[in-house]
Amino acid sequence: MSRVLIVGAGLTGSLCAHLLKRGPGMTAHQVVVWDKARGAGGRMATSRSPHNPRCTADLGAQYITVTPEYADKHKSFYDEMLAQGILKPLTAPVKGMVMKEGSENFVTPKGISSIVKHYLQQSGATVFYEHHVTQINLREGKWEVCRKSGSPEEFDAIILTIPVPQILQLGGDIVNLISTSQRHQLEAVSYSSRYALGLFYEVGTELDVPWAAQYVTSDPCIRFISIDNKKRGIESSEVGPSIVVHTSVPFGTEHVESEKESVQQLILQHLETLMPGLPTPASIKCQKWRYSQVTQAVVNCPGQMTLHTKPLLLCGGDGFTHSNFDGCTESALRIKEALEANL
Ligand SMILES: Cc1cc2nc3c(=O)[nH]c(=O)nc-3n(C[C@H](O)[C@H](O)[C@H](O)COP(=O)(O)OP(=O)(O)OC[C@H]3O[C@@H](n4cnc5c(N)ncnc54)[C@H](O)[C@@H]3O)c2cc1C
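For the sequence shown, the working numbering assigns the number 78 to the initial residue and increments by one for each residue that follows.
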């Protein structure tokens, strides 16, 4: 049985694992997923309060926006997630939201990472966390994959679904296998940077605002605030509320190399001016998204890039399309095609 390694347990990696299981002849392949993080989700991250695991906050992606074009193109994905209750229409009020005509927004009652967990579970792939890939080498027709701690392992094919700058940071033979023109294409990719703050509250805390989320235009630091449990339609007397704050991109860019603690304090000061008198949270999580959303995707390379054919080495992710569910789905579908054509 040949072994296929997917690097990245974010949306693209989980969709790849799910789609590969369904492909013709794919039962002959063992699919393994490695991620450097401690859990699934990537930028579709749901964090838990250290005081109560039922109190959660989506620190990355907030909701899934379905445009008429993709509602049709990716209908089977949406139908399945709606039927399973993974997605529910966003009904709570969002102040300042600009909607394109015919588009619809969906939230995830169990947190945005539940989408990724769903596809990983469906895939039957073996998933390993805290597996940080550092080097990829060619060894007698196979790939030898090294990680930060632990012994290297061999695979017959690799699919990289990590942000493009992180592909370019990998060491080993991969450095010389990427052609000059591919390297230029990859180096031209750019992402915005921003910070997210998750504030977790004790049971019974009242957050008395008439909206579930709002886009802020009057503050240089904060761009978006959400009462996360309200946004997801899961308000409960048994679980405390949570707030998510996203910074603006200029603020994220300016502070990308700053100390997280000082950035957290700055964001909290701005939050106090926008929402004076907020109760004190039981805990706070500050997340830096160095690679938040793609501002310039790979050009002339829709969905995936084949770095090597024998053995196969592909890369994909939102850096090859655009930063949302449909971008990741599009990439995963192109990866599946390339894999089936070459394996
Ligand atoms: C703040 C924010 C708000 C957003 N809002 C929305 C939204 O409202 N709606 C929407 O649809 N999308 C939104 N997005 C975009 C969306 O989250 C992304 O497009 C999508 O999650 C990208 O998925 P991915 O699998 O391609 O990459 P990622 O989610 O980045 O997954 C890559 C995975 O690879 C792992 N990894 C990286 N390097 C290594 C390595 N060397 N070894 C092993 N593992 C590694 C990472 O830990 C990560 O889990 C938002 C993103 C952010 C950050």
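C-beta atoms are modelled at their ideal positions from N, C-alpha and C, and glycine is treated no differently. The model shown is predicted, which means the values in this text are computed figures rather than measured ones.
Option nearest residue i by Cα separation, candidates the options
i, options, result
"S303", "Q107, R99, D285, Q199", "D285"
"A374", "L164, V266, T89", "V266"
"G380", "E407, A359, I361, T386", "E407"
"A418", "F183, S400, C392, T386", "T386"
"E230", "P242, G85, N214, T238", "N214"
"C378", "G116, Q243, L274, G393", "G393"
"R300", "Y272, D250, K113, V371", "Y272"
"L390", "T372, A415, H399, A409", "A415"
"T330", "T350, V316, K152, C298", "C298"
"E279", "L96, T104, R131", "R131"
Residue i, enclosing alpha helix (DSSP H) - first and last residue
i, result
"I251", "251-254"
"L197", "190-200"
"E221", "Here E221 belongs to no alpha helix (DSSP H); instead the beta strand (DSSP E) covers 219-224."
"R296", "Checking the sequence shown, residue 296 turns out to be Asp, not Arg. Unbroken run through D296: none, as it is neither H nor E."
"C405", "402-419"
"K177", "That residue, K177, is in no alpha helix (DSSP H); it is neither H nor E in DSSP."
Endpoints, beta strand (DSSP E) assigned at residue i
i, result
"N182", "181-184"
"L390", "389-393"
"N214", "210-216"
"H385", "381-385"
Minimum Cβ-Cβ distance from residue i to chain C less than 8 Å
i, result
"S256", "The structure shown has no chain C; it contains just one protein chain."
Cβ-heavy atom distance, residue i to ligand 1, below 7 Å
i, result
"Y147", "no"
"V322", "no"
"Q291", "no"
"R260", "no"
"N401", "yes"
"M121", "yes"
"V375", "no"
Classification of residue i by the beta-carbon crowding that lies within 10 angstroms, buried from 16 upward
i, result
"N401", "buried"
"G179", "exposed"
"S258", "exposed"
"P353", "exposed"
"T203", "exposed"
"N306", "buried"
"P388", "buried"
query: Does the pairing of the stretch 350-367 with the stretch 130-150 give three or more beta-carbon distances under 8 Å?
result: Contact between the stretch 350-367 and the stretch 130-150 is established, with three or more Cβ pairs separated by less than 8 Å.
field: the stretch 341-356 / the stretch 161-181 touching (three or more Cβ pairs under 8 Å)
entry: Verdict: no, contact absent.
- prompt: Three or more beta-carbon pairs under 8 Å between the stretch 186-194 and the stretch 104-124, yes or no?
  reply: Yes, the stretch 186-194 touches the stretch 104-124.
message: With three or more beta-carbon pairs closer than 8 Å as the criterion, would you say the stretch 233-244 touches the stretch 78-87?
response: Yes: at least three Cβ pairs fall under 8 Å.
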